[in-house]
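Below is one structure, written out as structure tokens; the observations come after it.
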Amino acid sequence: MSDPLSAAEYLARNAAAVQPAGALEERLAAAERESRPLRVKLGIDPTAPDIHLGHVVVLQKLREFQDLGHRVVLIVGDYTARVGDPSGRSATRPVLGDDDIDENARTYQEQAGRILDTAPERLEVRRNGEWLDMPMTEFLALARIPKVAQLLERDDFSKRYREGRPISLLEFVYPLLQGYDSVAVEADIELGGTDQTFNVLFGRDVQRAHGRPEQATLTMPLLVGIDGVQKMSKSLGNHIGVTEEPTEIFGRTMRIPDGLIDQWRDLLALDLGPDDAADARTRKRALARAICDRFAGDGSGARAQEEFDRVFLGGGVPDDVPEIEVEAGDVHLPALLAAAFGMSRSEARRALGQGGVRADDEPLTSERLDVPSADLDGRVVRVGKRRFARVRVRSVDA
RNA sequence: GGGGGGAUGUCCGAGUGGUUAAAGGAGACGGGCUGUAAACCCGUUGGCUCUGCCUACACAGGUUCGAAUCCUGUUCCCCCCA
């Protein structure tokens, strides 16, 4: 694998683009020649510390670079986060304080460690606050690099401009700062999702303006979320977090549309084994197991599947059902459901009215909203197909 | 600096004084069918102490028996001109 050509081919196999053509081979060859590891850069946003499968795609790619002997440079965007990204129209993001950024960065590293090799010679973590707090004169020098037409060529900008939606100057400045990061850490290669295409390419302009060698860029396709339509993102609620319970990971994976199986397998670099040749359902189960094994620990996939089958094929109840305590006497069902499942009482009422609530297998209806707690003690209340809670009557010994 | 347009529920989007908790769509949720897939069908979708009450159409006041709809001020956004 030390052959630069085959290494490049391997690394690019599931990438969206490697630009400019041949740059990756060239860099790998240079590393070989100079017998030094490449510096592979990824910028991260310290506002969202929950790593999900969408983030994993790029992290996995970084891991592949590491396994080939190269060095990953993670840049925590503490400075850019402090500026407060105004994009996203209506919702102004809260500006984070130092403590939050520290905390988020720490969480991020902890979670990324599930994918990356965290050995110091393989992973370097930097904060762009180290260099972005620059004198105005330096910033002005940066600001003459991009041309407005160039910035407006960008898909999202041109689209927004055409549609008359706001673009703040700060958003124009972002690529500059990100590009300067590449200068500061002497990046050989920068990775990102395809949404970062402009930014990573622009890093080359900034490097050139500073008389530095220009980085190669590798962009990965954006993983589609479990809704099968939009890119995976926490704010869209179509994500699977790497720290989630295996049963949850398994279950949510089983909900993805069949058409997504190949993409997930390829982008997450998972091996489905012999099941890969089977029917869609079998393949999806294999995928779900593989994801569990990868992030929740070896063997967790098989266990999750067993539980899944028991609960959803057999109509059973999961092993570890959260408990909800109630006082002795009558229980007001809407209140109970609201407390147990985080729904509003009105929602709970509706669910009851629609026959979506059961105690063990007995349907609870909206005819009787107050029931003696003794009738529910020890039983599992279930809303819909996958929300469970075991009821316990608080003992009255106090 | 001047002129014009706009802000409606999770999102999109109707609605210009009264039966509007607010059309329609999307999404989400519950049910049916299934493989917790797709497609399809039905229902729900502000909150609550629920045959009623409370809060809601950027924010604050005002007019009116009655306002998302009219008036005033404020904030934010977009466009055009300079």
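Be aware that the first sequence starts at 28, since it is given in this note's numbering, and climbs by one per residue.
Where a beta carbon is used, it is the ideal one built from N, C-alpha and C, also for glycine.
Just so it is clear, the structure is predicted and the values come from calculations on it, not from any experiment.
Extent of the continuous beta strand (DSSP E) to which residue i belongs
i: Arg245; result: Per the sequence shown, the amino acid found at residue 245 is Leu instead of Arg. Start and end: Ala243 to Met247.
i: Leu101; result: Arg98 to Val103
i: His351; result: Note that residue 351 is Ile in the sequence shown, not His. Counting along the chain, the beta strand (DSSP E) containing Ile351 begins and ends at Glu350 to Val353.
i: Asn228; result: The residue asked about is misnamed: residue 228 is Leu in this sequence, not Asn. First-last for Leu228: Thr224 to Ala236, but that is the alpha helix (DSSP H), not the beta strand (DSSP E).
i: Arg282; result: Neither: Arg282 is in no beta strand (DSSP E) and is coded neither H nor E.
Nearest candidate by alpha-carbon position, reference residue i, set the options
i: Asp182; options: Phe225, Pro361, Ile351 and Val353; result: Phe225
i: Val16; options: Glu271, Val420, Leu65 and Phe415; result: The displayed coordinates of the chain run from 28 to 425. Any statement about residue 16 would go beyond what the structure contains.
i: Gly104; options: Leu80, Pro193, Leu360 and Arg133; result: Arg133
i: Gly382; options: Val227, Pro349, Ala214 and Lys412; result: Lys412
i: Met247; options: Val212, Asp293, Thr274 and Ala362; result: Asp293
i: Ile267; options: His79, Arg154 and Glu59; result: His79
i: Glu389; options: Gly342, Leu363 and Ser262; result: Gly342
i: Gln46; options: Arg60, Glu217 and Pro240; result: Glu217
i: Asp387; options: Pro345, Pro361 and Glu394; result: Pro345
i: Gln205; options: Arg321, Glu52, Ser422 and Ile102; result: Ile102
Helix, strand or coil at residue i according to DSSP, with G and I counted as helix
i: Ser114; result: Bear in mind that a pLDDT of 46 at Ser114, under 50, signals an unreliable position, so the number given afterwards is only what the model happens to contain. Looking at Ser114 - three-state DSSP - the assignment turns out to be coil, as it is neither helix nor strand.
i: Pro399; result: strand
i: Glu271; result: coil
i: Ala34; result: helix
i: Asp303; result: helix
i: Arg372; result: helix
i: Asp215; result: coil
i: Ala39; result: helix
i: Glu151; result: strand
i: Gln46; result: strand
i: Glu389; result: strand
i: Gly405; result: coil
i: Phe339; result: helix
CB of residue i within 8 Å of CB of residue j, strictly
i: Arg98; j: Arg66; result: yes
i: Val12; j: Gly220; result: For the chain, the structure presents residues 28 to 425; residue 12 sits outside this window and is missing.
i: Leu299; j: Gly81; result: no
i: Ala378; j: Leu364; result: yes
i: Ala323; j: Pro273; result: yes
i: Ala313; j: Thr280; result: no
i: Gly252; j: Leu263; result: yes
Start-to-end residues for the alpha helix (DSSP H) that takes in residue i
i: His82; result: Leu80 to Asp94
i: Ile288; result: Ile288 to Leu294
i: Arg187; result: Asp182 to Arg189
i: Phe335; result: Ser327 to Phe335
Touch test, the region 133 to 143 against the region 184 to 201, Cβ-Cβ under 8 Å, three pairs minimum: no
Three or more C-beta pairs closer than 8 Å, one from the region 271 to 286 and one from the region 301 to 313: is that the case here? yes
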